[in-house]
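Engineer: Just dropping this structure here.
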Amino acid sequence: MPPRVDREKCDGCKAEEEPLCAQICPGDLMVLGENKKAYCRAARDCWDCMSCTKVCPVGAIETRAPYQLGYHVAKLIPMMGTNTITWTCIDINGKVERFRYKNRTT
Amino acid sequence: MAKDLPKDLKDIPTEVIETDLLIVGGGNAGCFAAIEAKKLNPNLRVTIMEKAHISRSGATAAGMDAINTYIPEGKTPEDLVRWSRSQVGGGPIREDLALSNAQNLNEAVEDLEEWGLPILRDEEGNAQYRGGWDVSIHGEQLKPIMAEKAMAMGAEVYNRIAATSLLMDGDRCVGAMGFGVRDGKFYIFRAKAVIVSTGGACGLYKSYTSDATSSHHQTWMSPFNVGTGYAMGIRQGAEMTSLEQRWVATRTKDFCGPVDTISVGYKSSITNARGERILQERYAHLGGDKAPRYIRANAPMEEWLAGRGPTYADTTHMTPEEVKDMKTDYLNERPAFVLFLAARGQDITKDPIEIYGSDPYVVGGHTQSGYWVDIERMTTVSALFAAGETAGGNPNKFVGGCAAEGKLATRGAVKYMATVTLPELDTQQVEREKERIFAPLLRGPEFDGVSQTEMEERMQRLMDEYAGGTSQFYRTNEERLDYALKHLKMLRDQTKFLYAKDLHDLMNAHEVIDRLDVAEVLVHHLKFRKETRWQGWQTRSDYPDTDPKFDCFVESRRNKETGEIEMFTRPYEQIVPGDRYQP
Ligand SMILES: Cc1cc2nc3c(=O)[nH]c(=O)nc-3n(C[C@H](O)[C@H](O)[C@H](O)COP(=O)(O)OP(=O)(O)OC[C@H]3O[C@@H](n4cnc5c(N)ncnc54)[C@H](O)[C@@H]3O)c2cc1C
Ligand code: SF4
Ligand code: SF4
Numbered sequence: 032m033p034p035r036v037d038r039e040k041c042d043g044c045k046a047e048e049e050p051l052c053a054q055i056c057p058g059d060l061m062v063l064g065e066n067k068k069a070y071c072r073a074a075r076d077c078w079d080c081m082s083c084t085k086v087c088p089v090g091a092i093e094t095r096a097p098y099q100l101g102y103h104v105a106k107l108i109p110m111m112g113t114n115t116i117t118w119t120c121i122d123i124n125g126k127v128e129r130f131r132y133k134n135r136t137t
Numbered sequence: 264m265a266k267d268l269p270k271d272l273k274d275i276p277t278e279v280i281e282t283d284l285l286i287v288g289g290g291n292a293g294c295f296a297a298i299e300a301k302k303l304n305p306n307l308r309v310t311i312m313e314k315a316h317i318s319r320s321g322a323t324a325a326g327m328d329a330i331n332t333y334i335p336e337g338k339t340p341e342d343l344v345r346w347s348r349s350q351v352g353g354g355p356i357r358e359d360l361a362l363s364n365a366q367n368l369n370e371a372v373e374d375l376e377e378w379g380l381p382i383l384r385d386e387e388g389n390a391q392y393r394g395g396w397d398v399s400i401h402g403e404q405l406k407p408i409m410a411e412k413a414m415a416m417g418a419e420v421y422n423r424i425a426a427t428s429l430l431m432d433g434d435r436c437v438g439a440m441g442f443g444v445r446d447g448k449f450y451i452f453r454a455k456a457v458i459v460s461t462g463g464a465c466g467l468y469k470s471y472t473s474d475a476t477s478s479h480h481q482t483w484m485s486p487f488n489v490g491t492g493y494a495m496g497i498r499q500g501a502e503m504t505s506l507e508q509r510w511v512a513t514r515t516k517d518f519c520g521p522v523d524t525i526s527v528g529y530k531s532s533i534t535n536a537r538g539e540r541i542l543q544e545r546y547a548h549l550g551g552d553k554a555p556r557y558i559r560a561n562a563p564m565e566e567w568l569a570g571r572g573p574t575y576a577d578t579t580h581m582t583p584e585e586v587k588d589m590k591t592d593y594l595n596e597r598p599a600f601v602l603f604l605a606a607r608g609q610d611i612t613k614d615p616i617e618i619y620g621s622d623p624y625v626v627g628g629h630t631q632s633g634y635w636v637d638i639e640r641m642t643t644v645s646a647l648f649a650a651g652e653t654a655g656g657n658p659n660k661f662v663g664g665c666a667a668e669g670k671l672a673t674r675g676a677v678k679y680m681a682t683v684t685l686p687e688l689d690t691q692q693v694e695r696e697k698e699r700i701f702a703p704l705l706r707g708p709e710f711d712g713v714s715q716t717e718m719e720e721r722m723q724r725l726m727d728e729y730a731g732g733t734s735q736f737y738r739t740n741e742e743r744l745d746y747a748l749k750h751l752k753m754l755r756d757q758t759k760f761l762y763a764k765d766l767h768d769l770m771n772a773h774e775v776i777d778r779l780d781v782a783e784v785l786v787h788h789l790k791f792r793k794e795t796r797w798q799g800w801q802t803r804s805d806y807p808d809t810d811p812k813f814d815c816f817v818e819s820r821r822n823k824e825t826g827e828i829e830m831f832t833r834p835y836e837q838i839v840p841g842d843r844y845q846p
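So, in structure tokens, the structure goes:
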């Protein structure tokens, strides 16, 4: 379930030595392009762990189900809070579900 | 990026780092090993060599929704060992290892809770059990929590360093070598003792969704754990145990996600196309719902084979609240499964969740394949310890058991370290390794070779069709295994044609080299066990029954001189009394 980067939103993590998505990806898949926007170098190799999606400070990354597995178009958007996480899920019929819970006690 | 790549070995800088305890792989077991070392002695130099970034690496990168092994009040470590033994059909298992893990895992889980992991509890404060041994958690942050603790305790973490080989002094391990996936440097870590905790091996076999889609890595286990930890030991003649006991699991279909979440957590029955409850109706004689794990894992695939697929985890009885809780569980563990359901537009109270068999893995934290270790967790290579999925002999560890074993390996290593000093660095050995590591990167632009993707896909299909993969319903026979060995050897000879365009490619090239080494040993193990003891995990169509002769551990060792894989057995020893087949 490869990540898609919104080119408008991605600022290349200018302030960081290395973009956060590139730092975190366990498969070393996120890289900064010539245009200073991040992209996933090998969609086939993504484990859809969503670490890049969670870490992006501007919400520029969307995890997409490959069409071969799931239909167009569903969304799952994580929002990281202080010790909480909020997920918004929208299915292909437009049905919205929201989940919010504590992911850390301290 | 390509313009910065070296043209010559001489252009590649070498970093030498000296430490006391080196931990290769900063995952679940590795973090606990580091924390324990600092607890035992804050002055100890503890170094973690991590291929990815320690905050989100390994099996727990996306989080966890349960800790599968936490001993409830009223039960004992011996009870857990009895259960674990029965899950693998009476063993044989290493009961000494299982017992020591069981004695330590509650403490590890309590540590996690203290560091900030939300364990779900009822009003009275009792941990919420979803099955006999597993407690529910909201573990989205599990990996960052472990990583932060390891760093706070003072472990020195080297992220993005892929280990490739052990550093040896004769027969003793004195560190490890690897390369910087970012900086392109050659790294030598010198240490008095080494713990290898690189997780298991995923991607030896083809996953059934890997056909030309963007889902080659639609695997249950992290596809970035490729078995390098085993491969490094195999190349040094370390003894491996029980590799033939592969982990094949029932997983959600098309998205290879966990199923325990549904079947244990929400008491969903496993059903087939006719609506039959498979376990109760077809496996009653083997224990039904409580049948050993390999039987439950294999059951859906047997239904497909018999023409009774599709198979389901029946979720149609669930209330909306339960659906919400279940999805929350997945969001904590494999969040993209929730996206997958949304992309199918599936209401699981109307359409049950489809299930299927996974591709096979070598994971010593689930089944018992891995390094043969002594009670201190030292492997047969002196000064080399193993923990977690990397260590064999002791199945059903999961999060708690891997953590406990990290601690145990550290205790063993620290005791051992007191008796040794570091030898001189063997410059010839390190130069050889440097050359081996960087060769695929230095072949030049005109080189006519093979990409790691091509080789990986060839190997995965070979293993799938000949060594009992999903497409073959996990079955294999002597002739197919011989065929696999012949072609694995050809592939090994062809690794000299592997080329890498950049450092990421170089990492992938070594991943396929390591997988080939593990696959070869695995095939020898499958060949040696001429019986069928754990259908699915290990099915020989030419020897369909169990043979009492094989009620023992199957062991292997690569002869360092000849390169031959030597096979032998070790006897089973029952330590925990009781009927081996009953929990
Ligand atoms: C999807 C999924 C769901 C699961 N659900 C549960 C559950 O609900 N409850 C439960 O108890 N257990 C569960 N498990 C099992 C549990 O997560 C594992 O058993 C355990 O975390 C493994 O720990 P480990 O330390 O052995 O390996 P890992 O945590 O995987 O650590 C291996 C580490 O080694 C690193 N590494 C690998 N190769 C190299 C190299 N060459 N050089 C340097 N570093 C390297 C990796 O990047 C990683 O950091 C689940 C596993 C998966 C995959
Ligand atoms: S983390 Fe987000 S903003 Fe930063 S480089 Fe990646 S996509 Fe762009
Ligand atoms: S989802 Fe995970 S594996 Fe895929 S690109 Fe993002 S961080 Fe990497």
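From first to last, the protein sequence lines are chains A and B. If you read the first sequence in the working numbering, its first letter stands for residue 32, the second for the next number, and so on. If you read the second sequence in the working numbering, its first letter stands for residue 264, the second for the next number, and so on. Positions of the beta carbon are idealized from the N, C-alpha and C atoms, including for glycine.
Who pairs with residue 510 of chain B in a beta bridge, going by DSSP?
Structural biologist: For the purposes of this step, residue 510 of chain B is taken as the residue at position 247 of the second sequence. Beta-bridge pairing links residue 510 of chain B to B:624.
Engineer: Could you check where the alpha helix (DSSP H) with residue 584 of chain B kicks off and where it finishes?
Structural biologist: Position 321 of the second sequence, counted from the start, is the residue given in the question as residue 584 of chain B. First-last of the alpha helix (DSSP H) with residue 584 of chain B: 583–596.
Engineer: What residue does the beta strand (DSSP E) around residue 408 of chain B start on, and which one ends it?
Structural biologist: Position 145 of the second sequence holds residue 408 of chain B. Per DSSP, residue 408 of chain B belongs to no beta strand (DSSP E); it is in the alpha helix (DSSP H), 405–415.
Engineer: Quick one: complete alpha helix (DSSP H) runs, 4+ long, within the region 494–560 of chain B?
Structural biologist: 523–526, 541–545
Engineer: Tell me the DSSP secondary structure of residue 729 of chain B in three-state form.
Structural biologist: Residue mapping note: residue 729 of chain B aligns to position 466 of the second sequence, counting from 1. Of the three classes helix, strand and coil, the one that applies to residue 729 of chain B here is helix, per DSSP.
Engineer: Taking a contact to mean a Cβ-Cβ separation below 8 Å, would you say residue 347 of chain B touches residue 506 of chain B in this structure?
Structural biologist: As a working mapping, residue 347 of chain B is identified with position 84 in the second sequence. As a working mapping, residue 506 of chain B is identified with position 243 in the second sequence. Result no, Cβ atoms of residue 347 of chain B and residue 506 of chain B do not sit closer than 8 Å.
Engineer: Please confirm if residue 315 of chain B has its CB atom under 8 Å from at least one CB of chain A.
Structural biologist: Translated into positions along the second sequence, residue 315 of chain B becomes position 52. Interface residue, yes.
Engineer: For a test of your reading of the model: does the CB of residue 328 of chain B fall under 7 Å from any non-hydrogen atom of ligand 1? Yes or no.
Structural biologist: Mapped onto the second sequence, residue 328 of chain B falls at position 65. Checking every heavy atom of ligand 1 against the Cβ of residue 328 of chain B, one is found closer than 7 Å.
Engineer: Would a C-beta distance cut-off of 8 Å place residue 767 of chain B and residue 828 of chain B closer than the cut-off?
Structural biologist: Along the second sequence, one-based indexing puts residue 767 of chain B at 504. Along the second sequence, one-based indexing puts residue 828 of chain B at 565. No; because the gap between Cβ atoms is not below 8 Å, this pair is not in contact.
Engineer: Going by the C-beta, is residue 58 of chain A closer than 7 Å to any heavy atom of ligand 2?
Structural biologist: One-based indexing of the first sequence puts residue 58 of chain A at position 27. Checking the 7 Å criterion, the Cβ of residue 58 of chain A is out of range of every heavy atom belonging to ligand 2.
Engineer: Determine the closest residue to residue 493 of chain B out of B:751, B:694, B:655, with distance taken between C-alpha atoms.
Structural biologist: Position 230 of the second sequence, counted from the first residue, corresponds to residue 493 of chain B. The option with the nearest alpha carbon to residue 493 of chain B is B:655.
Engineer: I need the straight-line Cα distance from residue 265 of chain B to residue 446 of chain B, nearest angstrom please.
Structural biologist: Taking the first residue of the second sequence as 1, we reach residue 265 of chain B at position 2. Taking the first residue of the second sequence as 1, we reach residue 446 of chain B at position 183. With a pLDDT of 44 at residue 265 of chain B, under the threshold of 50, the predicted position of this residue should be treated as unreliable, though the coordinate-derived value follows. C-alpha separation (whole angstroms): 13 Å.
Engineer: I'd like to know whether the C-beta of residue 112 of chain A is nearer than 8 Å to at least one C-beta of chain B.
Structural biologist: For the purposes of this step, residue 112 of chain A is identified with residue 81 of the first sequence, where counting begins at 1. Judged by the 8 Å Cβ criterion, residue 112 of chain A is not in contact with chain B.
Engineer: To the nearest angstrom, how far is the alpha carbon of residue 303 of chain B from that of residue 748 of chain B?
Structural biologist: On the second sequence, residue 303 of chain B is found 40 positions in, with the first residue counted as 1. On the second sequence, residue 748 of chain B is found 485 positions in, with the first residue counted as 1. The straight-line gap from Cα to Cα measures roughly 45 Å.
Engineer: Given the structure, does residue 61 of chain A come close to ligand 2, in the sense that its CB is under 7 Å from one of the ligand's heavy atoms?
Structural biologist: Numbered from 1 along the first sequence, position 30 holds the residue referred to as residue 61 of chain A. Because some heavy atom of ligand 2 lies under 7 Å away, the Cβ of residue 61 of chain A counts as near it: yes.
Engineer: Would residue 531 of chain B be called buried (16 or more neighbouring beta carbons within 10 Å of its own) or exposed?
Structural biologist: Counting from 1 along the second sequence, the entry for residue 531 of chain B is found at position 268. Buried.
Engineer: Any heavy atom of ligand 1 closer than 7 Å to the beta-carbon of residue 351 of chain B?
Structural biologist: Counted from its first residue, the second sequence places residue 351 of chain B at position 88. In terms of side-chain proximity, the C-beta atom of residue 351 of chain B is found no nearer than 7 Å to any non-hydrogen atom of ligand 1.
Engineer: Taking C-alpha atoms, which residue in B:299, B:310, B:431 lies nearest to residue 685 of chain B?
Structural biologist: For the purposes of this step, residue 685 of chain B is taken as residue 422 along the second sequence, with counting starting at 1. From the listed residues B:299, B:310, B:431, the smallest Cα separation to residue 685 of chain B is found for B:431.
Engineer: For residue 117 of chain A, report the span of its alpha helix (DSSP H) as first-last.
Structural biologist: Translated into the one-based positions of the first sequence, residue 117 of chain A becomes position 86. Bounds of any alpha helix (DSSP H) do not take in residue 117 of chain A; it lies within the beta strand (DSSP E) bounded by 115–121.
Engineer: Comparing the C-beta of residue 97 of chain A with each C-beta of chain B, is any distance below 8 Å?
Structural biologist: As a position in the first sequence, residue 97 of chain A is number 66, starting the count at 1. Yes, because at least one Cβ of chain B sits closer than 8 Å to the Cβ of residue 97 of chain A.
Engineer: In three-state DSSP terms, what is residue 34 of chain A?
Structural biologist: To locate residue 34 of chain A, count along the first sequence from 1; it is residue 3. Correct three-state label for residue 34 of chain A: strand.
Engineer: Tell me the DSSP bridge mates of residue 107 of chain A?
Structural biologist: Residue numbering aside, residue 107 of chain A sits at position 76 when the first sequence is read from its first letter. In DSSP, residue 107 of chain A forms a bridge with A:120.
Engineer: On the three-state DSSP scale, how would you describe residue 735 of chain B?
Structural biologist: The residue labelled residue 735 of chain B in the question sits at position 472 within the second sequence. If DSSP states are grouped into helix, strand and coil, residue 735 of chain B belongs with the helices.
Engineer: Under a Cβ-count criterion, where at least 16 other Cβ atoms within 10 Å of its own Cβ denotes burial, should residue 582 of chain B be classed as buried or exposed?
Structural biologist: For this step, residue 582 of chain B is matched to residue 319 along the second sequence. Residue 582 of chain B comes out exposed.
Engineer: Counting Cβ pairs closer than 8 Å, one from the region 593–611 of chain B and one from the region 318–331 of chain B, do we hit at least three?
Structural biologist: Verdict: yes, contact present.
Engineer: From which residue to which residue does the beta strand (DSSP E) around residue 133 of chain A run?
Structural biologist: Taking the first sequence and counting its residues from 1, the one referred to as residue 133 of chain A is at position 102. 127–133 is the extent of the beta strand (DSSP E) around residue 133 of chain A.
Engineer: Keeping to the same chain, check which residues put their C-beta closer than 6 Å to that of residue 280 of chain B; ignore five residues upstream and five downstream.
Structural biologist: Numbered from its first residue, the second sequence carries residue 280 of chain B at position 17. Closer than 6 Å at Cβ, skipping near neighbours: 452.
Engineer: What are the boundary residues of the beta strand (DSSP E) that residue 829 of chain B is part of?
Structural biologist: Taking the first residue of the second sequence as position 1, residue 829 of chain B is located at position 566. Per DSSP, residue 829 of chain B belongs to the beta strand (DSSP E) from 828–834.
Engineer: Taking 8 Å as the threshold, find out whether the region 79–89 of chain A comes into contact with the region 103–122 of chain A through three or more Cβ pairs.
Structural biologist: yes
Engineer: Any chance the CB of residue 317 of chain B is under 7 Å from a heavy atom of ligand 3?
Structural biologist: As a first step, residue 317 of chain B must be located in the second sequence, where it is residue number 54. It does not: the Cβ of residue 317 of chain B is nowhere closer than 7 Å to a heavy atom of ligand 3.
Engineer: Are there any heavy atoms of ligand 2 lying less than 7 Å away from the beta-carbon of residue 92 of chain A, as far as the coordinates show?
Structural biologist: Reading the first sequence from its first residue, position 61 is the one you call residue 92 of chain A. Yes, the Cβ of residue 92 of chain A comes within 7 Å of a heavy atom of ligand 2.
Engineer: The beta strand (DSSP E) spanning residue 817 of chain B covers which residue range?
Structural biologist: Within the second sequence, the letter at position 554 stands for residue 817 of chain B. That run of the beta strand (DSSP E) goes 815–821.
Engineer: Shortest alpha-carbon distance to residue 372 of chain B belongs to which of B:711, B:816, B:664?
Structural biologist: Taking the first residue of the second sequence as 1, we reach residue 372 of chain B at position 109. Nearest option by C-alpha distance: B:664.
Engineer: Return the bridge partner residues of residue 400 of chain B from the DSSP annotation.
Structural biologist: Position 137 of the second sequence holds residue 400 of chain B. Note: residue 400 of chain B sits in a beta bridge opposite B:382.
Engineer: So residue 81 of chain A contacts chain B; which residues on that side make the cut at Cβ distance below 7 Å?
Structural biologist: Locating residue 81 of chain A in the first sequence gives position 50, counting from the first residue. Neighbours of residue 81 of chain A on chain B, chain order: 325, 598, 599.
Engineer: Which residues of chain B have a Cβ atom closer than 9 Å to the Cβ of residue 37 of chain A, listed in chain order?
Structural biologist: Here residue 37 of chain A corresponds to residue number 6 of the first sequence, with the count starting at 1. Those within 9 Å of residue 37 of chain A in chain B number zero; the least Cβ separation is about 17 Å.
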